[in-house]
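Asker:
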Amino acid sequence: MAKNDKDKSQLVAAEPSTGTGVVAPTEFSDPGLPPHRPRVTDLDPKVAKRAERIVYSLFYFSIAASVFAVFAYMYFPIEENDVHSVRMNTLFIGLGIAFSLLAIGIAAVHWGKQLMSDKEGIDHRHPVHGTDETRARAVEIFQEANEESGFSRRTLIRNGLIGALIAFPLPAIALFRGLAPMDQDPNNELKHTMWKKGSRLTRDPSGLPIKASDVTIGSAFQVIPEGLVDLPEHEMLDAKAKAAVLLVRLNPEDLNWTSKQRESWAYEGIVAYSKICTHVGCPVALYEQQTHHLLCPCHQSQFDVSNECAVIFGPAARPLPQLPIAVDKEGYLIATSDFTEPVGPSFWERAN
Amino acid sequence: MFNKKNSSPAQRRGRRSALASAALIALGLLITGGAYATVSATTANANADLSSPAVITEGQKLFAANCATCHGQQAQGTENGPSLIGVGSAAVDFQVGTGRMPMQMQGPQALAKPVQFTDAQVQALAAYVASLAPGPSIPSATQLKDGNVANGGELFRINCAMCHNVAGAGGALTEGKFAPELKGVTAAHVYEAMLTGPQNMPVFNDLNLTPSDKKDIIAYLNYLEQNPSAGGLELSSLGPVSEGLFLWIFGLGAIVALTVWITAKSN
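Those protein sequences? They're chains A and B, same order as listed. Take any residue in the first sequence, note its place counting from 1, add 85, and you have its number in this note's numbering. Take any residue in the second sequence, note its place counting from 1, add 64, and you have its number in this note's numbering.
(1) Taking 8 angstroms as the threshold, find out whether the region 219-228 of chain A comes into contact with the region 178-195 of chain A through three or more Cβ pairs.
(2) Assuming Ala-420 (chain A) and Thr-363 (chain A) form a contact by the criterion Cβ under 8 angstroms, report the distance between their Cβ atoms to the nearest whole angstrom.
(3) Taking 8 angstroms as the CB-CB limit, is Pro-337 (chain A) close to chain B?
(4) Distance check for Thr-133 (chain B) and Ser-344 (chain A), CA to CA, integer angstroms please.
(5) Answer yes if the region 184-195 of chain B comes into contact with the region 150-160 of chain B, meaning at least three C-beta pairs across the two stretches below 8 angstroms, and no otherwise.
(6) Hey, is the region 280-299 of chain A in contact with the region 325-336 of chain A, meaning 3+ C-beta pairs nearer than 8 angstroms?
(7) Find the residues of chain A that neighbour Ala-294 (chain B), judging by a C-beta separation of less than 7 angstroms, and give them in chain order.
(8) Spatial neighbours of Ala-328 (chain B) within its chain, please: C-beta separation below 6 angstroms, excluding the five flanking residues on both sides.
(9) Out of B:Ser-293, B:Gly-234, B:Thr-142, point me to the one whose CA is closest to His-169 (chain A)'s CA.
(10) Taking the beta strand (DSSP E) that Tyr-358 (chain A) belongs to, which residues open and close that run?
(11) Within the continuous beta strand (DSSP E) that includes Asp-389 (chain A), where are the two ends?
(12) Would a check of beta-carbon distances place Gly-303 (chain A) closer than 8 angstroms to chain B?
(13) Report the residue ranges of all alpha helix (DSSP H) runs contained in full by the region 237-289 of chain A; include only those spanning at least 4 residues, in chain order.
(14) For Pro-294 (chain A), write down the residues that DSSP places opposite it in a beta bridge.
(15) Measuring alpha carbon to alpha carbon, tell me which of B:Ala-184, B:Val-160, B:Gln-170, B:Gln-185 ends up nearest Ala-49 (chain B).
(16) Does Asp-90 (chain A) get closer than 8 angstroms to chain B when you measure Cβ to Cβ?
(17) At what residue ranges does the region 172-232 of chain B contain a whole run of the alpha helix (DSSP H), taking only runs of 4 or more?
(18) By how many angstroms is the C-alpha of Asn-331 (chain B) removed from the C-alpha of Gly-117 (chain A)?
(19) Taking the straight line between their C-alpha atoms, what separation do you get for Ile-355 (chain A) and Thr-425 (chain A)?
(20) Name the residues in the region 373-386 of chain A whose C-beta lies less than 7 angstroms from a C-beta of chain B; which are they?
(21) Would Ile-222 (chain B) pass as an interface residue toward chain A - the criterion being a Cβ-Cβ separation below 8 angstroms?
(22) To the nearest angstrom, how far is the alpha carbon of Pro-404 (chain A) from that of Phe-398 (chain A)?
(23) Provide the residue span of the beta strand (DSSP E) that contains His-211 (chain A), from first to last.
(24) For chain C, is any of its Cβ atoms less than 8 angstroms away from the one on Arg-124 (chain A)?
(25) In the DSSP assignment, what are the bridge partners of Val-330 (chain A)?
(26) Mark Arg-122 (chain A) as exposed unless 16 or more other C-beta atoms lie within 10 angstroms of its C-beta, in which case mark it buried.
(27) When DSSP labels each residue in this structure, what does Val-369 (chain A) get in the three-state scheme?
(28) Looking at the unbroken beta strand (DSSP E) that takes in Phe-398 (chain A), where does it start and where does it end?
(29) Looking at the structure shown, is His-253 (chain B) part of a helix, part of a strand, or coil, going by DSSP?
(30) Evaluate the contact criterion for the region 294-311 of chain B versus the region 227-245 of chain B: three or more CB pairs, one atom per stretch, below 8 angstroms.
(31) With 7 angstroms as the limit, tell me which residues of the region 390-417 of chain A have their beta carbon closer than that to any beta carbon of chain B; keep them in chain order.
(32) What residues from chain A crowd round Cys-227 (chain B), counting only those whose CB sits closer than 7 angstroms?
(33) Is the beta carbon of Pro-290 (chain A) closer than 8 angstroms to that of Ile-222 (chain B)?
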């Protein structure tokens, strides 16, 4: 008490020199609760009766809707090979469940607002900590436990326990390794595709090879490597996700090259570029044959096919990788190597 | 048989009644309509006409009057329009038959608008351009029917869906260009577009998508048009844009309305 008094006297003494303080000179007084205003349902028993009817009707409606959902499940089953049965099934079951829950909610709110007492009251908070004795005793218990168990004295045991608890969750983290291919190096997998020297360019999805003469100026072919269609489905999809290529033919005069070597990757105006966007890997195949723009539908990156697929707009950081192509003896288009850089978006181990 | 029934008074009244004249008019309309349908069907199939000198001369006149300003007197092309030598009758039937040509004004791309010529005039123009050099020709009716929907769907998703949307609803391209919606486009125009690659659309020649593949794609588009979406309300099949907008307005709107109702003081 004495301490409090002293504090107060200091405050009073300090008052004239508060300087830049923004404390208002007069304190706000607690305005208290506004006067209680009775609702119509408090005054008129008829209205209260009606509110009651609405609330219990809604609860009964909810029951009906739940039953309806059960019957909808039975009367609108999902038939095999009939997509429209899925529509009816989900629509009516969904409506039933939605109305059963919505009606409970609306009824509960209506009940609370119209019929339950709406008088406001104040619950005062009380201190949550224990008495000083209890708190001192708690500290004592911890100290006793420490002494009796020797937790801080027997350091080998303590460190062993901490180490064991840290090591326990490690297997759960290690198990994530199983999500990556087990027998291959993921880093290597990301850097190489199915294309290799001599593999023919084939049509998606038929897998038929493409002759250079098939590709007229302005044409666009969706291309997969030879042999892809013969893979088991899961492997096929994995390989296709990296090896998909767009093949187009331009007037050779429209193509600009930075080096003779790059020029040799094309065949008489036919160029093949990876279809996997260097931004986040969407398939880039919106090709405009007059402007030679390639647009990625996900984030609007634009690549200019006439300038080695340089990025001309959007978030992609690198040009699309080009597949070096040539023609074999029979006139079919072949790859002369794999892509010379990893296709698709950046990853940790990528050089640039 | 009629004479015999005429003797009954009821029948006589019936023949004089207003219904009888209505029936006569309906019969007359049916006959004229039927005759017109046969005649127009023959003109639509009259691809043989395209080689007749009279039609070509007619087409040349139309070309000189309507197209030569941009495409040149001999269709050799000018600064304002490409050469039409070798584009074939298919390109003309598509561009003029969908109203894209004659072009109204220069812009990112020529827009489809009400067709400016009669069918016969379009045919004549096509005949003239086809006479300049060999090129892709207008498909016959048999090239457009009875395709395989499943194969067409797969080919459509691989070759067309990236621009035209998986439901054929169309989509945006770069710098103001767009791939148009495919609903309501005639089978012949779809076929011609694949064959000739109008404007910025790539060419899908018969070695890339065979005539049978093209037929299948058309069958798939017909299937899409005739079968409503299994998912209910399509919202123009535009995907996340229209669906997101719908949810932002109606989904969030309903939540806001409920919140206002819950927190409002009752009177």
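We put the CB at the ideal spot given by N, CA and C, even for glycine.
Answerer: According to the data block:
(1) no
(2) By 1-based counting over the first sequence, the position of residue 420 (chain A) is 335. By 1-based counting over the first sequence, the position of residue 363 (chain A) is 278. In fact, because the Cβ distance is near 19 angstroms, the residues do not count as touching under 8 angstroms.
(3) Here residue 337 (chain A) is taken as the residue at index 252 of the first sequence, counted from 1. No, Pro-337 (chain A) lies away from the interface with chain B (no Cβ there is under 8 angstroms from its Cβ).
(4) Indexing the first sequence from 1 puts residue 344 (chain A) at position 259. Indexing the second sequence from 1 puts residue 133 (chain B) at position 69. Near 41 angstroms, if we compare the C-alpha coordinates of Thr-133 (chain B) and Ser-344 (chain A).
(5) yes
(6) Below 8 angstroms, enough C-beta pairs join the region 280-299 of chain A and the region 325-336 of chain A to call them touching: three or more.
(7) Residue 294 (chain B) sits at position 230 when you count from the first residue of the second sequence. In chain order: Val-168, His-169, Val-171, Arg-172.
(8) The residue labelled residue 328 (chain B) in the question sits at position 264 within the second sequence. Result list for Ala-328 (chain B): empty, nothing under 6 angstroms.
(9) The residue given as residue 169 (chain A) occupies position 84 in the first sequence. The shortest C-alpha separation from His-169 (chain A) is found at B:Ser-293.
(10) To locate residue 358 (chain A), count along the first sequence from 1; it is residue 273. From DSSP, the beta strand (DSSP E) with Tyr-358 (chain A) extends over 355-359.
(11) For the purposes of this step, residue 389 (chain A) is taken as residue 304 along the first sequence, with counting starting at 1. Here the beta strand (DSSP E) through Asp-389 (chain A) covers 387-389.
(12) For the purposes of this step, residue 303 (chain A) is identified with residue 218 of the first sequence, where counting begins at 1. So yes, Gly-303 (chain A) belongs to the interface.
(13) 240-252, 255-259, 271-276
(14) Within the first sequence, numbered from 1, the residue matching residue 294 (chain A) stands at position 209. In the DSSP output, where bridge partners are listed per residue, Pro-294 (chain A) has A:Thr-287.
(15) Residue 49 (chain B) cannot be examined here, being either before or after the span of chain B that is shown, 65 to 331.
(16) Counting from one through the first sequence, the residue named residue 90 (chain A) turns up at place 5. With a pLDDT of 47 at Asp-90 (chain A), under the threshold of 50, the modelled position of that residue is not reliable, and no figure is offered here.
(17) 183-196, 213-223, 225-228
(18) One-based indexing of the first sequence puts residue 117 (chain A) at position 32. One-based indexing of the second sequence puts residue 331 (chain B) at position 267. Rounded to whole angstroms, Gly-117 (chain A) to Asn-331 (chain B) spans 21 angstroms at the Cα level.
(19) For the purposes of this step, residue 355 (chain A) is identified with residue 270 of the first sequence, where counting begins at 1. For the purposes of this step, residue 425 (chain A) is identified with residue 340 of the first sequence, where counting begins at 1. Going from the Cα of Ile-355 (chain A) to the Cα of Thr-425 (chain A) covers about 18 angstroms.
(20) Glu-373, Gln-374, Gln-375, Thr-376, His-378, Leu-380, Pro-382
(21) Against the second sequence, residue 222 (chain B) aligns to sequence position 158. It does; some Cβ of chain A falls within 8 angstroms.
(22) As a first step, residue 404 (chain A) must be located in the first sequence, where it is residue number 319. As a first step, residue 398 (chain A) must be located in the first sequence, where it is residue number 313. Rounded to the nearest angstrom, the two C-alpha atoms are 11 angstroms apart.
(23) The residue labelled residue 211 (chain A) in the question sits at position 126 within the first sequence. Element bounds for His-211 (chain A): n/a, residue is neither H nor E.
(24) Looking at the structure shown, chain C is missing, and the protein chains on hand are A and B.
(25) Along the first sequence, read from residue 1 onward, the residue named residue 330 (chain A) stands at position 245. A:Val-308, A:Ser-359.
(26) Start at 1 with the first residue of the first sequence, and residue 122 (chain A) comes out as number 37. It is exposed - the Cβ of Arg-122 (chain A) has fewer than 16 other Cβ atoms within 10 Å.
(27) Here residue 369 (chain A) refers to the residue found at position 284 of the first sequence. Residue state, collapsed to three classes: coil.
(28) Taking the first sequence and counting its residues from 1, one reaches residue 398 (chain A) at position 313. Segment 395-398, the beta strand (DSSP E) holding Phe-398 (chain A).
(29) On the second sequence, position 189 is the one that residue 253 (chain B) refers to. Reduced to three states, the DSSP call for His-253 (chain B) is helix.
(30) yes
(31) Cβ contacts with chain B: none found.
(32) Taking the second sequence and counting its residues from 1, one reaches residue 227 (chain B) at position 163. Within chain A, the residues near Cys-227 (chain B) are Leu-371.
(33) In the second sequence, residue 222 (chain B) corresponds to position 158, counting from 1. In the first sequence, residue 290 (chain A) corresponds to position 205, counting from 1. Contact check for Ile-222 (chain B) against Pro-290 (chain A) passes: the beta carbons are separated by less than 8 angstroms.
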